[in-house]
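*Asks:*
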Amino acid sequence: MTQTSPRASLTEAYGKALVELGERDPRLVVLDADTATENGTRAFGQRFPGRIFDLGVMDQSMMSIAAGLALDGRTVFANTAAVFAAGEAYNFVRQSICANRAKVKIGATHGGHAAGGDGGPTQMLEDLGLMRGLPGMTVVVPADAPSAAAATFALAERTGPAYLRLNGDLLPTVTEGTFAVGSAPELRSGSDLTIIALGALVGPALEVAEELAHVGLSARVLDFASVKPFDEPALLRAARDTGAILVLEEHSVLTGVGALVAATTAENYPVPVRRVGVPDVFGESGESASLRDHLGMSTERIRDEAWELLKSRGKVT
Amino acid sequence: MGDEVPAELVESLQATAREVRRDVVRMNLASRGGYLGGSLSVADLLTALLFRELRVDPQRPAWADRDRLVLSKGHAAAALYSALALRGFFPRDELTTFRQFGSRLQGMPDRIRLPMVDASTGALGQGLGMAVGMALDARLDRRATRVYAVLGDGECQAGGTWESLMAGAHHRLGNLVVVIDRNGFESDGPIESVLGIEPLVEKLRAFGYRTEEIDGHDFREILGAFAHARAATDRPSVVVARTVKGKGVSFMENTHVWHARAPTKDEAERALLELGLSPSEAAR
Chain A
-10 MTQTSPRASL TEAYGKALVE LGERDPRLVV LDADTATENG TRAFGQRFPG
40 RIFDLGVMDQ SMMSIAAGLA LDGRTVFANT AAVFAAGEAY NFVRQSICAN
90 RAKVKIGATH GGHAAGGDGG PTQMLEDLGL MRGLPGMTVV VPADAPSAAA
140 ATFALAERTG PAYLRLNGDL LPTVTEGTFA VGSAPELRSG SDLTIIALGA
190 LVGPALEVAE ELAHVGLSAR VLDFASVKPF DEPALLRAAR DTGAILVLEE
240 HSVLTGVGAL VAATTAENYP VPVRRVGVPD VFGESGESAS LRDHLGMSTE
290 RIRDEAWELL KSRGKVT
Chain B
165 MGDEVPAELV ESLQATAREV RRDVVRMNLA SRGGYLGGSL SVADLLTALL
215 FRELRVDPQR PAWADRDRLV LSKGHAAAAL YSALALRGFF PRDELTTFRQ
265 FGSRLQGMPD RIRLPMVDAS TGALGQGLGM AVGMALDARL DRRATRVYAV
315 LGDGECQAGG TWESLMAGAH HRLGNLVVVI DRNGFESDGP IESVLGIEPL
365 VEKLRAFGYR TEEIDGHDFR EILGAFAHAR AATDRPSVVV ARTVKGKGVS
415 FMENTHVWHA RAPTKDEAER ALLELGLSPS EAAR
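The listed protein sequences correspond, in order, to chains A and B. Okay, so the first sequence: first residue is -10 according to the numbering used here, each after it adds one. Okay, so the second sequence: first residue is 165 according to the numbering used here, each after it adds one.
Given below as structure tokens:
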């Protein structure tokens, strides 16, 4: 399945969706911070040259300018790499955008370890924790190109600010290509274990679930693309139905979705939760696949953690 | 051009600004907090904006074509609230709730609670960026809206201010006016000894702005500078308004001590006397 799916760029899908949104909404504008070349927004610029502003290496003030543009009801998509969007510009996002409830949608590219060769300075592994802590912020991490496009359309409809994290790799299509804010679609049903995954790790989640099926174990897989608001009913249903949850994310385990899942289940329906993500380290240079292994998110590791959970539930020995 | 401003108008604006300063002292006394020095220095500029320069209508606060005012130095909120109330945007009685729990008059302007302020501010270095966005927004919609950003001079040490200045100049935003309340002091002391920003006017000119340096307490000069800015449609303007921190109260003038210090009852009374109240009014 996933091996045979075509790989596609999320940023390109995002860019195409922006062009379509630009056709539908003549007031929509796009901002870039010297990132138009990499962010898939070239097509929008060619189609609507008067509605795109490249602000150069001005990631912080781009967020204030975006807010000012949006305060009279305009929809603004502001794009830059995740490390600059969530890191560099954090307080500009907080005060200019969130405190004004401005309808600014931040397209954060190169989220996770996929910035590859550039290494630690550009690999953003802490953004979801930062962004989901902001009052009123919607946080979304699509797993593939079709769902990235669907998420872009959904966020354009939604009031208030949003953070859309886009992985920079070409990723296989693993979802139905749909997206709804606040919903965690079940990509695979199962009753022995739930794997909650987001972004680039949804594919590996499905691979491991498939392997488990070969030995007679069924793992439910939830696509946690909507990080905030998140699908609490689906999460608690998973806790009740399967009794154990494994969380996979390209993010620091300190502040990521794993922490959110652990806290939510602990409060409502305690079950064993294990987190696969990045430990308390910066990224480094390397090719995406080997970095994923090095940073603690290998398929091997996922398999081991799943097995540990199944053991604790008495499903295997 | 400034000479054309009639004497009666100047007197009326001076009287209004004196009311603003009285309100500022009372609000800081009542809330035991706030930012006196910078609220008093900016009082004349905000009065000139709200009572003369800005196209706004208290009956239609959300009017799309209105001019916009971004108080980037959000800590001077008391002066803004007083001027808005005196202009008729909300009852003046409400000023007593400044900085109190449940009040719309937050310590820094908050447009979610108080929609007649055009931007939630309070993080220095961000207000001008929002104003640039608003000016672009008006241009895209072909609205006649003009956007006024009021900055502190301490804020001219913040990177965001210079980033946004670059953006405003690059896009030749003739509908943008930056007003700098150049009172010379920040919380820790004189700006030029903490981290100098001079030569400020030369820097702003080099950044692509039409600049004008004025006495920020002289209404003829203030209104003249705004008129010149309105006439220059090809690029944005900066009005560097030389002001006195703590203006109007002798013992608060030209010092950073009153940047964020609330007055005692006795100090407030003495301040109100200097601002023209009678002893019995000042003691109230």
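Beta carbons: idealized from backbone N, C-alpha and C, even for Gly. The structure displayed is predicted, hence computed values, not measured ones.
By how many angstroms is the C-alpha of TYR245 (chain B) removed from the C-alpha of VAL171 (chain B)?
*Replies:* In the second sequence, residue 171 (chain B) corresponds to position 7, counting from 1. In the second sequence, residue 245 (chain B) corresponds to position 81, counting from 1. First, the amino acid is wrong: residue 171 (chain B) is Ala here, not Val. Spanning the two alpha carbons is a distance of roughly 26 Å.
*Asks:* Examine chain B for any beta-carbon lying closer than 8 Å to the beta-carbon of ASN89 (chain A), and answer yes or no.
*Replies:* Taking the first residue of the first sequence as position 1, residue 89 (chain A) is located at position 100. Closer than 8 Å: yes.
*Asks:* Check whether the stretch 190 to 203 of chain B touches the stretch 406 to 424 of chain B, counting contact only when three or more Cβ pairs, one atom from each stretch, lie closer than 8 Å.
*Replies:* yes
*Asks:* In this structure, what does DSSP give as the bridge partners for MET286 (chain A)?
*Replies:* Taking the first sequence and counting its residues from 1, one reaches residue 286 (chain A) at position 297. DSSP, once it has assigned bridges, lists no residue as partnering MET286 (chain A).
*Asks:* With THR309 (chain B) and ASN339 (chain B) assumed to form a contact (beta carbons below 8 Å), what rounded beta-carbon distance in angstroms separates them?
*Replies:* Stepping through the second sequence from its first residue, residue 309 (chain B) is reached at position 145. Stepping through the second sequence from its first residue, residue 339 (chain B) is reached at position 175. Indeed, because the Cβ distance is near 7 Å, the residues count as touching under 8 Å.
*Asks:* Between which two residues does the alpha helix (DSSP H) harbouring GLY360 (chain B) extend?
*Replies:* Counting from 1 along the second sequence, the entry for residue 360 (chain B) is found at position 196. No alpha helix (DSSP H) contains GLY360 (chain B), which DSSP labels as neither H nor E.
*Asks:* Kindly list the residues whose CB is nearer than 6 Å to the CB of LEU278 (chain B), restricted to its own chain and excluding five residues on each side of it in sequence; keep chain order.
*Replies:* By one-based count along the second sequence, residue 278 (chain B) stands at place 114. Closer than 6 Å at the Cβ level, and outside the excluded window around LEU278 (chain B), lie ARG268.
*Asks:* Looking at C-alpha atoms only, which residue of A:GLU256, A:VAL19, A:LEU237 and A:GLY171 is the closest neighbour of ASP301 (chain B)?
*Replies:* Here residue 301 (chain B) refers to the residue found at position 137 when the second sequence is read from its first residue. Comparing Cα-Cα distances from ASP301 (chain B) to each of A:GLU256, A:VAL19, A:LEU237 and A:GLY171, the minimum goes to A:VAL19.
*Asks:* Under DSSP, the beta strand (DSSP E) around GLY179 (chain A) begins and ends at which residues?
*Replies:* On the first sequence, position 190 is the one that residue 179 (chain A) refers to. Premise fails: GLY179 (chain A) is in no beta strand (DSSP E) and is neither H nor E.
*Asks:* Pull up the distance between the alpha-carbon of GLY238 (chain B) and that of ALA389 (chain B), whole angstroms please.
*Replies:* Locating residue 238 (chain B) in the second sequence gives position 74, counting from the first residue. Locating residue 389 (chain B) in the second sequence gives position 225, counting from the first residue. Using only the alpha carbons, I get a separation of about 23 Å.
*Asks:* Quick one: using the 10 Å Cβ neighbour count with 16 as the cut-off for buried, is TRP422 (chain B) buried or exposed?
*Replies:* Sequence index remark: in the second sequence, residue 422 (chain B) carries index 258 (1-based). Counting of Cβ neighbours within 10 angstroms places TRP422 (chain B) among the buried residues, the total reaching 16 or more.
*Asks:* Using 8 Å as the limit for Cβ to Cβ distance, is ARG275 (chain B) near chain A?
*Replies:* Indexing the second sequence from 1 puts residue 275 (chain B) at position 111. ARG275 (chain B) counts as touching chain A.
*Asks:* Three-state secondary structure (DSSP) at PRO135 (chain A)?
*Replies:* Taking the first sequence and counting its residues from 1, the one referred to as residue 135 (chain A) is at position 146. DSSP places PRO135 (chain A) in helix when its eight states are reduced to three.
*Asks:* Provide the residue span of the beta strand (DSSP E) that contains ALA67 (chain A), from first to last.
*Replies:* Numbered from 1 along the first sequence, position 78 holds the residue referred to as residue 67 (chain A). Run containing ALA67 (chain A): 65 to 70, per the beta strand (DSSP E) assignment.
*Asks:* If we call anything under 8 Å between Cβ atoms a contact, is VAL210 (chain A) one with ARG177 (chain A)?
*Replies:* As a position in the first sequence, residue 210 (chain A) is number 221, starting the count at 1. As a position in the first sequence, residue 177 (chain A) is number 188, starting the count at 1. Yes.
*Asks:* DSSP on TYR312 (chain B), reduced to helix/strand/coil?
*Replies:* Reading the second sequence from its first residue, position 148 is the one you call residue 312 (chain B). In this structure, TYR312 (chain B) counts as strand in the three-state DSSP scheme.
*Asks:* Identify each residue in the stretch 277 to 294 of chain B for which the Cβ-Cβ distance to at least one residue of chain A is less than 7 Å, and report them in chain order.
*Replies:* ALA283, SER284, GLY286, ALA287, GLN290, GLY293 and MET294
*Asks:* Under DSSP, the alpha helix (DSSP H) around VAL163 (chain A) begins and ends at which residues?
*Replies:* Within the first sequence, residue 163 (chain A) is the residue found at index 174, counting from 1. Careful: VAL163 (chain A) lies outside any alpha helix (DSSP H) and carries neither H nor E.
*Asks:* Please identify, using Cβ separations under 9 Å, the residues of the stretch 191 to 214 of chain B that lie next to chain A, in order along the chain.
*Replies:* Residues: none.
*Asks:* Taking VAL72 (chain A) as the reference, which of A:ASP48, A:SER215 and A:LEU298 has the closest Cα?
*Replies:* Counted from its first residue, the first sequence places residue 72 (chain A) at position 83. Looking at A:ASP48, A:SER215 and A:LEU298, the one whose alpha-carbon comes closest to that of VAL72 (chain A) is A:ASP48.
*Asks:* Pick from B:ARG185, B:TRP227 and B:LEU177: whose alpha carbon is nearest that of ARG216 (chain B)?
*Replies:* Taking the first residue of the second sequence as 1, we reach residue 216 (chain B) at position 52. When only C-alpha atoms are compared, the closest one is B:LEU177.
*Asks:* Examine chain A for any beta-carbon lying closer than 8 Å to the beta-carbon of ALA331 (chain B), and answer yes or no.
*Replies:* For the purposes of this step, residue 331 (chain B) is taken as residue 167 along the second sequence, with counting starting at 1. The beta carbon of ALA331 (chain B) sits closer than 8 Å to some beta carbon of chain A.
*Asks:* Are ALA194 (chain A) and ALA186 (chain A) touching if we call contact CB-CB under 8 Å?
*Replies:* Here residue 194 (chain A) is taken as the residue at index 205 of the first sequence, counted from 1. Here residue 186 (chain A) is taken as the residue at index 197 of the first sequence, counted from 1. Yes, these two residues count as a Cβ contact at 8 Å.
*Asks:* Interface residues of chain B around PHE81 (chain A) at Cβ under 9 Å?
*Replies:* In the first sequence, counting from the first residue as 1, residue 81 (chain A) sits at position 92. Within 9 Å Cβ-Cβ: ALA287, GLY289, GLN290, GLY293 and GLY324.
*Asks:* Taking the straight line between their C-alpha atoms, what separation do you get for ILE234 (chain A) and VAL191 (chain A)?
*Replies:* Numbered from 1 along the first sequence, position 245 holds the residue referred to as residue 234 (chain A). Numbered from 1 along the first sequence, position 202 holds the residue referred to as residue 191 (chain A). ILE234 (chain A) and VAL191 (chain A): Cα-Cα distance of roughly 14 Å.
*Asks:* Using a Cβ distance threshold of 8 Å, determine whether the stretch 254 to 269 of chain B contacts the stretch 22 to 38 of chain A, with at least three qualifying pairs required.
*Replies:* With a cut-off of 8 Å, the stretch 22 to 38 of chain A and the stretch 254 to 269 of chain B do not count as touching, because too few Cβ pairs lie within range.
*Asks:* Quick one: is ASP229 (chain B) buried, meaning 16 or more other Cβ sit within 10 Å of its Cβ, or exposed?
*Replies:* Taking the first residue of the second sequence as 1, we reach residue 229 (chain B) at position 65. Answer is exposed; the Cβ neighbour count stays below 16.
*Asks:* Under 8 Å, Cβ to Cβ, is there at least one residue of chain B near GLN49 (chain A)?
*Replies:* The sequence position of residue 49 (chain A) within the first sequence is 60, counting from 1. Cβ-Cβ to chain B under 8 Å: yes for GLN49 (chain A).
*Asks:* Skipping 5 residues on each side, what residues in its chain have a beta carbon closer than 8 Å to that of ALA447 (chain B)?
*Replies:* In the second sequence, residue 447 (chain B) corresponds to position 283, counting from 1. Hits under 8 Å: GLU433.
*Asks:* According to DSSP, simplified to helix, strand and coil, what is ILE54 (chain A)?
*Replies:* Looking up residue 54 (chain A) in the first sequence gives position 65. Reduced to three states, the DSSP call for ILE54 (chain A) is helix.
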